[in-house]
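Numbering (the numbering used here), first residue to last: 3 to 203. The beta-carbon is built from N, C-alpha and C at its ideal position, and this holds for glycine as well. What you are looking at is a predicted structure, and each value in this text was computed from that prediction instead of being measured. Quick notes on the structure that follows.
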Amino acid sequence: MVLGNVTRGFGLLENFLSFQRVKIAKKLISEYGNGNKTILDIGCGSYPFFLTCVNFDEKYGLDNEVYNQYFKNQNLRLIEYNINNNLPFQSYYFDVITLLAVIEHLYANQMHKILMGCYSLLKKGGILIITTPARWSDMPLKLMTKVGLVSFEEVGEHKYTYNLRELRDILRGVNFKCNNIYGGFFEFFLNLWVCAIKGKD
């Protein structure tokens, strides 16, 4: 399968922005990760670009439309998934779970349910990585859709934007401890990243 757009719709910067999300996620896995056996990418896209860029014994991707036939030889399994359903895995299974440019597409109740599920699925010491547009980037992103720099389909479905404090509060609300939550910015402060570690106690 040839890599074209890795997100829906068209935008001149979409592939570049996807590369930047991969770069920050790989850096966080290297810095905070405690194992490289199992990884789950929620909202992986029809082409799971991030999962093709990381080395894990077992790689799983969830999205509402997937194409397994392209990835049979990469220890990669894609599962068609409705965001309103429970996550289809057993507890304490994953070393790493990622939500890259996903939560901005979810309503608050959907996000809370997903994050509760993520906490349950992580092994002790496992990490959850989230990237999402910063709140102040909402207007610049909408302007960029008008000139074809980013995908109208993607930005047009954004439900909510966040700041770091809100994300930390949300993660504390699903049982992550305050001192195990880290956050920062990337892509010229247009995007946030958060990394939460499931405690071992």
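Original post:
What three-state label does DSSP hand F96 in the structure shown?
Top reply: The residue you call residue 96 lines up with position 94 of the sequence shown. Of the three classes helix, strand and coil, the one that applies to F96 here is strand, per DSSP.
Original post:
In three-state terms, what does DSSP make of N181?
Top reply: If you number the sequence shown from 1, residue 181 lands on position 179. In the structure shown, N181 sits in a helix (DSSP, three-state: H, G or I).
Original post:
For K161, which of helix, strand or coil comes out of DSSP?
Top reply: The residue labelled residue 161 in the question sits at position 159 within the sequence shown. Three-state result, K161: coil.
Original post:
Taking buried to mean at least 16 other C-beta atoms within 10 Å of its own C-beta, is W138 buried or exposed?
Top reply: Taking the first residue of the sequence shown as 1, we reach residue 138 at position 136. Burial state of W138 is exposed, judged by a 10 Å Cβ sphere holding fewer than 16 other Cβ atoms.
Original post:
Terminal residues of the continuous alpha helix (DSSP H) containing L166?
Top reply: For the purposes of this step, residue 166 is taken as the residue at position 164 of the sequence shown. Its alpha helix (DSSP H) spans residues L166 to R174.
Original post:
Would DSSP call C197 helix, strand or coil?
Top reply: Indexing the sequence shown from 1 puts residue 197 at position 195. Strand at C197.
Original post:
What's the C-alpha gap between Y162 and A110?
Top reply: As a first step, residue 162 must be located in the sequence shown, where it is residue number 160. As a first step, residue 110 must be located in the sequence shown, where it is residue number 108. Within the model, the alpha-carbon separation for Y162 versus A110 is close to 8 Å.
Original post:
Under 8 Å between the Cβ atoms of I232 and Y62?
Top reply: Here the chain comprises residues numbered 3 to 203, so residue 232 is not present and cannot be evaluated.
Original post:
What whole-angstrom Cβ distance do L192 and L169 have, given they're in contact under 8 Å?
Top reply: The residue given as residue 192 occupies position 190 in the sequence shown. The residue given as residue 169 occupies position 167 in the sequence shown. That pair is no contact at about 15 Å.
Original post:
Where does L64 sit, in a helix, a strand or coil, going by DSSP?
Top reply: Taking the sequence shown and counting its residues from 1, the one referred to as residue 64 is at position 62. The answer is strand: DSSP assigns L64 an E or B state.
**OP:** Using only alpha-carbon positions, find the residue among I44, C55 and E60 that is nearest to Y83.
**Re:** Counted from its first residue, the sequence shown places residue 83 at position 81. In terms of CA proximity to Y83, I44 leads the group I44, C55 and E60.
**OP:** Go ahead and pull the three-state DSSP assignment for D43.
**Re:** Taking the sequence shown and counting its residues from 1, the one referred to as residue 43 is at position 41. In the three-state reduction of the DSSP assignment, D43 falls in the strand class.
**OP:** Taking only the alpha-carbon atoms, compute the straight-line gap between L53 and A103 and give it to the nearest angstrom.
**Re:** Along the sequence shown, read from residue 1 onward, the residue named residue 53 stands at position 51. Along the sequence shown, read from residue 1 onward, the residue named residue 103 stands at position 101. Spanning the two alpha carbons is a distance of roughly 14 Å.
**OP:** Please classify N202: is it buried, with 16 or more other beta-carbons within 10 angstroms of its beta-carbon, or exposed?
**Re:** Along the sequence shown, read from residue 1 onward, the residue named residue 202 stands at position 200. What sits at residue 202 in the sequence shown is Lys, not Asn. It counts as exposed.
Subject >> DSSP three-state assignment for F91, whether helix, strand or coil >> reply: In the sequence shown, the residue the question calls residue 91 occupies position 89. Three-state DSSP puts F91 in coil, outside helix and strand.
**OP:** May I ask you to report which of helix, strand or coil DSSP gives E189?
**Re:** The count along the sequence shown starts at 1 and reaches residue 189 at position 187. DSSP places E189 in coil when its eight states are reduced to three.
Original post:
Which one or two residues does DSSP pair with N131 in a beta bridge?
Top reply: Position 129 of the sequence shown, counting from 1, holds the residue named residue 131. It should be noted that the sequence gives Ile, not Asn, for residue 131. I131 pairs with T100 and C197.
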